[in-house]
Amino acid sequence: MKDCTGHKEFAAVICSWFAANRRDLPWRRTYDPYHVWISEVMLQQTQMDRAVEYFKVWMERFPDAATLAGAPEQTVLKAWEGLGYYSRARNILKAAAVLVAEHGGRLPAEFDALRGLPGIGPYTAGAIMSIAYDRPYVVADANVERLFARLGDVGSPMKEKVARRDLETTLAAMLQTKGVSPREFNQGLMEFGALVCTPQNPGCGECPVRRFCRAFAAGTVALRPVKRKKEQRIDIVMSCAIVEDKGKLFIQQRMSDDIWGGLWEFPGGRLKDGESPLEAARRELYEETELRAVDFRPFATVIHHYTRYRVTLHSFICALDGKAGPKLHAAQQYRWVPLEGLSEYAFPSGHRQLIAKMMASPSRQSSS
Ligand code: SF4
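Residue numbers (our numbering): 7 to 374.
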C-alpha cells in the first residue's frame, strides 16, 4: 500500500476526478464549519440521501450554533428523530452551548479545541479541520478504508491496528504533497469510494486509479476488504403498555442519562424469564408508573435493529383503571396526549412504528 499510494500522481488523479464528479451537497456550497460539523455527525450511520434531507430541515430550524444553543432539548431531539443514536443530538446541543459561551458561536479552527467539545471525536475533528478549514488532517471513513484495502491488496481487516496505522500513515504523507488541497483530496477519496470503488460491483473498467490498484492486478478485488469476524446478533424481547384514558394516551420521557435519554415512550421493558409479553406489559406498567389498567388487548409487534441488537417489541392497548395519578420510577415526566398529538414528541424507532400503526388503524385492534 505504501508504494502505490505514495504517488503524487495518485493524489492529483483523485483531486481532478473529484472536481469533475463531486455531488452537489448542501454543505459543500459554503464549507461553513457549522454545516460541515452537522453533516459529518448526521452521516455517521446514515445514508447520504437521508442525511441531506435531515440536513436541510435542520438548517432551516437551527441555522447557526447560537440558534441551536437556544433551542429546547425536546425540539432538537424531534429534529433528530429517525436518525437514531440520540446521544449524538444531545452532544450537538451541549457543544453548541460551549461554542456560544467560549468561542463566539463559531467552531474553533484547532484540532484540540474541537476535540474538547462534547461528542467530537478524532474522526469528526479531522473532518472539520480538513473539509471546513482545508488543513492536512486524515479523514478515513469506510469508503476510504475499502478503497485502500483494494489499492494495497491488504490481507487483513482494515479495522485491525496495523492496517489502520498503515492507512493513516499513508494518508498523512499524501496530505503533505505539494499542491494537494486536503479538503479536495479527503472528500475526493470518500466520494471515489462511495461512487466508483463501491462495496459491490466496483467500476474497475473505467477506474482512473486502476494502474495503482494491487487488488485489480492480483484479481482479488472481490476479496477486499477482508471482513472482520461478524459479531453475534443479540435478540431482545420487550413489551409495552399503551394506556388510554378519555381519548388520550399515556407517554413518559426517559431519564436524560440513559441510551434513549430525553425521548418519549410508552411504559414497558424487557421480558423476564418465563414471562409472557402480556405479563411483562402489566408488570412494567405498574413498576414504572404505579398506574393500574384493565382490558389489555394485543396491538402490534414490531422489530427494530440497534447496533447488534434486534429488538422485538410487543404492545398492548389498555384502559386506565382508577383515578390515581402516576408515580414515575423510570422517567422524568409524563403527558396524556391524543394520538394525533404524538407527532410533537420524539420517540425511539420501535415506539414510532407503533404510533404509525395506530395512525393507520384507528380501531387499534390489530395484532400483527
Ligand atoms: Fe477500486 Fe477497481 Fe479502481 Fe481498484 S481498480 S481502485 S478495485 S475501482
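Idealized CB from N, CA, C, for every residue including glycine.
Item                                                                                                                                                                                      : Value
Residue 244 by DSSP, collapsed to three states: which one?                                                                                                                                : strand
In whole angstroms, what separates the C-alpha of residue 365 from that of residue 138?                                                                                                   : 42 Å
Between the Cα of residue 253 and the Cα atoms of 163, 149, 346, which residue gives the shortest distance?                                                                               : 346
Please report the distance separating the alpha-carbon of residue 308 from that of residue 367.                                                                                           : 15 Å
Rounded to whole angstroms, what is the Cα-Cα separation between residue 202 and residue 282?                                                                                             : 50 Å
Do residue 323 and residue 237 have their C-beta atoms within less than 9 Å of each other?                                                                                                : no
Could you pull out every residue in the same chain whose Cβ sits closer than 6 Å to the Cβ of residue 151, ignoring the five residues on either side in sequence?                         : 164
CA-CA distance, residue 155 and residue 230?                                                                                                                                              : 6 Å
Just tell me which of 193, 344, 50 has its CA closest to the CA of residue 27.                                                                                                            : 193
Does the beta carbon of residue 132 come closer than 9 Å to any beta carbon on chain D?                                                                                                   : The structure shown has no chain D; it contains just one protein chain.
Buried or exposed for residue 87, going by 16 or more other Cβ atoms inside 10 Å?                                                                                                         : buried
Is residue 242 buried or exposed, if buried means 16 or more other CB atoms sit within 10 Å of its CB?                                                                                    : exposed
Where DSSP assigns a beta bridge to residue 338, which residues make up the other side?                                                                                                   : None; residue 338 has no bridge partner.
Which residue comes first and which comes last in the beta strand (DSSP E) that contains residue 305?                                                                                     : 299-312
Between residue 220 and residue 159, which are expected to be in contact by the criterion C-beta below 8 Å, what is the C-beta distance as a whole number of angstroms?                   : 4 Å
In or out: residue 172 buried (at least 16 other Cβ within 10 Å) or exposed?                                                                                                              : buried
Counting beta carbon pairs with one atom in the segment 95-104 and one in the segment 64-83, are three or more of them shorter than 8 Å?                                                  : yes
Identify which residue in 97, 141, 68, 98 has its Cα closest to the Cα of residue 116.                                                                                                    : 141
Are residue 294 and residue 337 touching if we call contact CB-CB under 9 Å?                                                                                                              : yes
Does the beta-carbon of residue 208, which I'm using as the reference point, lie nearer than 8 Å to any heavy atom of ligand 1?                                                           : yes
Looking at the strands, I want to know which residues DSSP matches up with residue 270.                                                                                                   : 259
Just the Cα atoms here: how many angstroms apart are residue 145 and residue 210?                                                                                                         : 24 Å
Run through the DSSP bridge pairs and tell me what residue 324 is partnered with.                                                                                                         : 249
Measure the Cβ-Cβ separation of residue 256 and residue 326 and say whether it is below 9 Å.                                                                                              : yes
So, under 8 Å CB-CB, residue 175 and residue 17 are touching, yes? Tell me the CB distance rounded to an integer number of Å.                                                             : Not a contact, Cβ separation roughly 15 Å.
What's the C-alpha gap between residue 300 and residue 348?                                                                                                                               : 23 Å
Check the C-beta distance from residue 92 over to residue 274 and give it rounded, since I have them as a contact under 8 Å.                                                              : With a Cβ gap of about 18 Å, residue 92 and residue 274 do not count as contacting.
Contact defined as beta carbons within less than 8 Å: I believe residue 136 pairs with residue 189. What is the distance between those atoms, to the nearest angstrom?                    : 6 Å
Near residue 333, what residues of its chain come up, given a Cβ to Cβ distance below 6 Å and the 5 sequence neighbours on each side ignored?                                             : 296
Can you tell me whether residue 62 is buried or exposed, with buried defined as 16 or more other CB within 10 angstroms of its CB?                                                        : exposed
Might you give, ordered along the chain, the residues of its own chain that have their beta carbon closer than 6 Å to the beta carbon of residue 133, omitting 5 neighbours on each side? : 46, 145
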